[in-house]
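Please read the structure below before turning to the comments.
Protein chains: 2
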Amino acid sequence: MIVVVCLNPALDVTHQLDAVGWGGVNRPRAVHARPGGKGLNVARTLHALGADVLVLGMAGGITGAGVEAELRELGVPAAFTPVSGETRRTFSVVDDSRVTAFHEPGPEVGAAEFAEFRAGYQKALAGAEAVVLSGSLPPGLPNGTYATLIQAAGVPVVLDTHGEALRRGAAAAPAIVKPNRAEIEALTGRSLTTPEELTVGAGELGGAGAAVVVTLGPEGLLAATGDGCWRARMPAAVAGNATGAGDAVTAALAHGIVVGRPWQERLRHAAALGAATAAAPVAGEFRQQDYRDALRAVAVEEVC
Amino acid sequence: MIVVVCLNPALDVTHQLDAVGWGGVNRPRAVHARPGGKGLNVARTLHALGADVLVLGMAGGITGAGVEAELRELGVPAAFTPVSGETRRTFSVVDDSRVTAFHEPGPEVGAAEFAEFRAGYQKALAGAEAVVLSGSLPPGLPNGTYATLIQAAGVPVVLDTHGEALRRGAAAAPAIVKPNRAEIEALTGRSLTTPEELTVGAGELGGAGAAVVVTLGPEGLLAATGDGCWRARMPAAVAGNATGAGDAVTAALAHGIVVGRPWQERLRHAAALGAATAAAPVAGEFRQQDYRDALRAVAVEEVC
Chain A
49 MIVVVCLNPA LDVTHQLDAV GWGGVNRPRA VHARPGGKGL NVARTLHALG
99 ADVLVLGMAG GITGAGVEAE LRELGVPAAF TPVSGETRRT FSVVDDSRVT
149 AFHEPGPEVG AAEFAEFRAG YQKALAGAEA VVLSGSLPPG LPNGTYATLI
199 QAAGVPVVLD THGEALRRGA AAAPAIVKPN RAEIEALTGR SLTTPEELTV
249 GAGELGGAGA AVVVTLGPEG LLAATGDGCW RARMPAAVAG NATGAGDAVT
299 AALAHGIVVG RPWQERLRHA AALGAATAAA PVAGEFRQQD YRDALRAVAV
349 EEVC
Chain B
49 MIVVVCLNPA LDVTHQLDAV GWGGVNRPRA VHARPGGKGL NVARTLHALG
99 ADVLVLGMAG GITGAGVEAE LRELGVPAAF TPVSGETRRT FSVVDDSRVT
149 AFHEPGPEVG AAEFAEFRAG YQKALAGAEA VVLSGSLPPG LPNGTYATLI
199 QAAGVPVVLD THGEALRRGA AAAPAIVKPN RAEIEALTGR SLTTPEELTV
249 GAGELGGAGA AVVVTLGPEG LLAATGDGCW RARMPAAVAG NATGAGDAVT
299 AALAHGIVVG RPWQERLRHA AALGAATAAA PVAGEFRQQD YRDALRAVAV
349 EEVC
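Heads up: the sequence lines are chains A and B, in that order.
For the first sequence, the working numbering begins at 49 and goes up steadily by one.
For the second sequence, the working numbering begins at 49 and goes up steadily by one.
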């Protein structure tokens with residue numbers, strides 16, 4: 049079983065319009081509400097891959113109940129620790145030319161609430177083969193939260209977050225950290241343009257022993273691991289839903305650990321699933337045919 | 049008791065930002081979620097006036113549960129018939145210069161669901177002194193729905209809706225219909241600019257016996273009744289929240305019926321409460337001091 053931790057889930061509401069009348073009243077032609085937050089995208093992707101997955105998170109209020117109801121409907125097993133605050137919404141307005149998003153802040157989480165989550169996490173670890181920690185921390189939780197969860201895991205952990213939570217998490221030696229270029233640049237404090245610069249930056253972030261997989265959008269993936277460095281590329285750049293693509297890469301890396309794929313194959317699958325998900329309109333979803341096609345198209349080369 | 053019917057309630061979500069980055073990710077500095085839809089604004093205003101009020105409506109899904117929870121928190125008594133569809137959200141983005149709104153469609157209501165609502169309505173009428181029918185009809189209900197509810201009421205009804213539902217409702221002789229200028233122009237099929245033109249238009253709409261009160265925004269109110277015609281004006285135009293102001297006028301008209309105010313006083317209160325509500329940032333709310341000040345400032349003159 050893969051335990052996916054989503055401490056700051058969201059209800060993602062999307063309105064599709066032909067054109068937005070700013071300053072007026074708009075009537076969307078389609079409305080979608082889906083469980084969101086990076087962790088839930090990862091969990092839905094793993095579920096679609098046929099992996100045995102359990103979501104652990106914290107949820108509150110009517111919006112939290114909405115997230116739980118939507119996950120149930122999708123058949124993704126989940127256990128949320130109740131919090132007194134209200135789970136956040138994200139709201140995206142999609143018109144012909146662009147996406148405008150509005151992200152509410154998450155609820156403030158109290159120490160007693162997190163202690164209750166920790167108890168559930170500890171219990172779930174008994175049946176876990178891998179753990180995914182993904183997304184932002186809600187207000188109230190310290191930057192060292194993911195580091196603590198990594199130290200307690202006892203199984204390989206894949207970490208996808210940003211800022212201090214990422215720096216401190218990486219120092220706790222998870223199996224893999226998965227920053228994007230902006231996130232690793234923010235932590236190293238310098239621009240990382242060439243594969244060489246990226247490999248050096250990844251080596252710094254993974255200094256405590258974590259493999260580092262950097263997502264480079266349409267340019268693919270770069271991995272710096274204890275066993276070597278690889279670059280995975282698609283023959284043609286795939287534009288599309290970047291958030292969903294990053295979360296698909298995280299899911300594929302965790303899946304690759306559990307099914308025992310060697311690094312080169314793990315990266316091939318991660319790049320292919322990322323590309324297939326980028327091509328889908330909704331984060332956490334992909335067409336199986338796109339995934340199969342992309343698997344054949346990905347090239348993985350050793351770069352160090 | 050005043051029964052307020054809200055067949056198509058909403059959860060009104062408002063995001064406040066300093067400036068919106070269209071095409072990017074925005075993080076609102078304040079988020080508000082409130083029960084919405086015109087009927088619920090009317091009910092909240094009546095509740096703030098100290099009136100004994102009961103909301104009857106139809107609600108479904110997580111958003112419906114959210115509306116019910118928020119109303120409970122506000123202390124407004126309500127009974128919603130459950131529907132299988134999902135209650136709608138409205139989403140408003142407020143920045144320094146303007147408000148951009150996104151209104152989801154309401155849930156499709158089935159005949160059996162409406163029959164259940166009707167049974168509850170019939171029961172509530174036993175204790176009702178007046179009924180307010182306010183807002184749009186959800187998809188699935190015929191345009192004659194309000195007319196049917198008016199014929200069944202047996203007590204004075206105030207109707208605030210638009211289009212065919214308004215035309216057919218007015219023909220069922222409610223005590224008062226409350227269109228705005230655009231709504232009555234749409235029904236008469238001509239532009240109504242002068243008080244004389246408006247009085248004629250109102251007379252046509254009220255031909256079956258309804259008094260007609262037209263809200264004219266900052267220009268106040270015009271009433272054409274069986275007892276005479278009046279115009280109510282504020283000495284200074286009040287800009288602001290037009291939706292909330294119209295709903296406050298509806299609330300004051302129903303309240304005026306129940307407390308036995310003669311027309312002239314009823315209109316003075318309606319105009320004053322509309323002005324006080326227009327000055328408040330949120331529909332359904334007003335400052336008592338603004339209401340008292342406005343009551344002294346309103347001028348009511350007979351115009352026919």
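Glycine is no exception: its CB is placed at the ideal position from the N, C-alpha and C atoms.
Starting from residue i and walking both ways along the alpha helix (DSSP H), at which residues does that stretch end?
i	result
residue 193/B	193-201
residue 325/B	311-326
residue 349/A	Careful: residue 349/A lies outside any alpha helix (DSSP H), inside the beta strand (DSSP E) at 347-350.
residue 189/A	Careful: residue 189/A lies outside any alpha helix (DSSP H) and carries neither H nor E.
residue 243/B	243-253
residue 292/B	290-307
residue 230/B	229-236
residue 90/A	86-96
residue 168/A	159-173
Go ahead and label residue i buried or exposed: buried means 16 or more other beta carbons lie within 10 angstroms of its beta carbon, across all protein chains shown.
i	result
residue 53/A	buried
residue 184/A	buried
residue 77/B	exposed
residue 242/B	exposed
residue 100/A	exposed
residue 146/A	exposed
residue 316/B	buried
residue 75/A	exposed
residue 83/B	buried
residue 144/B	exposed
residue 308/A	exposed
residue 244/B	exposed
residue 171/B	exposed
residue 186/B	buried
residue 250/A	buried
residue 174/A	exposed
residue 120/B	exposed
Mind checking which residues open and close the beta strand (DSSP E) that includes residue i?
i	result
residue 150/B	147-151
residue 75/A	Segment: none, residue 75/A is in no beta strand (DSSP E) and carries neither H nor E.
residue 210/B	Unbroken run through residue 210/B: none, as it is neither H nor E.
residue 60/A	58-64
residue 137/A	136-142
residue 262/A	259-263
residue 105/A	101-107
residue 270/B	269-273
residue 124/B	No beta strand (DSSP E) holds residue 124/B; DSSP gives it neither H nor E.
residue 132/A	Neither: residue 132/A is in no beta strand (DSSP E) and is coded neither H nor E.
residue 182/A	178-182
Starting from the Cα of residue i, find the closest Cα among the options and give me that residue.
i	options	result
residue 108/B	77/B, 147/B, 68/B, 156/B	156/B
residue 301/A	341/A, 187/A, 169/A, 222/A	222/A
residue 234/A	210/A, 279/A, 264/A, 268/A	210/A
residue 311/A	327/A, 151/A, 279/A, 118/A	279/A
residue 112/A	255/A, 212/A, 317/A, 57/A	57/A
residue 290/A	319/A, 260/A, 326/A	326/A
residue 340/A	324/A, 328/A, 179/A	324/A
residue 154/B	258/B, 59/B, 342/B	59/B
residue 135/B	55/B, 273/B, 220/B	55/B
residue 177/B	269/B, 123/B, 303/B, 281/B	303/B
residue 346/A	275/A, 297/A, 352/A, 283/A	283/A
residue 122/B	89/B, 139/B, 298/B, 248/B	89/B
residue 267/A	228/A, 255/A, 258/A	228/A
residue 93/B	337/B, 331/B, 344/B	331/B
residue 260/A	295/A, 207/A, 230/A, 296/A	207/A
residue 334/A	51/A, 117/A, 96/A, 298/A	96/A
residue 141/A	72/B, 198/B, 297/B, 292/B	72/B
residue 61/B	138/A, 299/A, 87/A	138/A
residue 129/A	149/A, 118/A, 104/A, 110/A	104/A
residue 295/A	349/A, 263/A, 314/A	263/A
Assuming residue i and residue j form a contact by the criterion Cβ under 8 Å, report the distance between their Cβ atoms to the nearest whole angstrom.
i	j	result
residue 203/A	residue 214/A	Not really, about 20 Å apart at Cβ, beyond 8 Å.
residue 127/A	residue 168/A	6 Å
residue 297/B	residue 321/B	7 Å
- prompt: Listed from N- to C-terminal order along the chain, which residues in the stretch 54-82 of chain A have their beta-carbon within a distance smaller than 9 Å of any beta-carbon of chain B?
  reply: Those would be 59, 61, 63, 65, 68, 69, 70, 71, 72, 73, 74, 75, 76, 79, 81, in chain order.
task: Mind checking the stretch 286-319 of chain A against chain B and listing, in chain order, the residues whose C-beta falls within less than 8 Å of any C-beta there?
output: Those would be none; no residue qualifies.
query: What are the residues of the stretch 149-181 of chain B that lie near chain A, defined by any Cβ-Cβ distance shorter than 9 Å?
result: Hits within the stretch, in order: 149, 150, 151, 152, 153.
Contact residues within the stretch 109-135 of chain A, judged by C-beta distance below 7 Å to chain B: Going along the stretch 109-135 of chain A in chain order, one finds 110, 113, 114, 117 with a Cβ nearer than 7 Å to chain B.
field: Residues, ordered as in the chain, of the stretch 219-230 of chain A that lie near chain B by beta-carbon distance below 9 Å
entry: Cβ contacts with chain B: none found.
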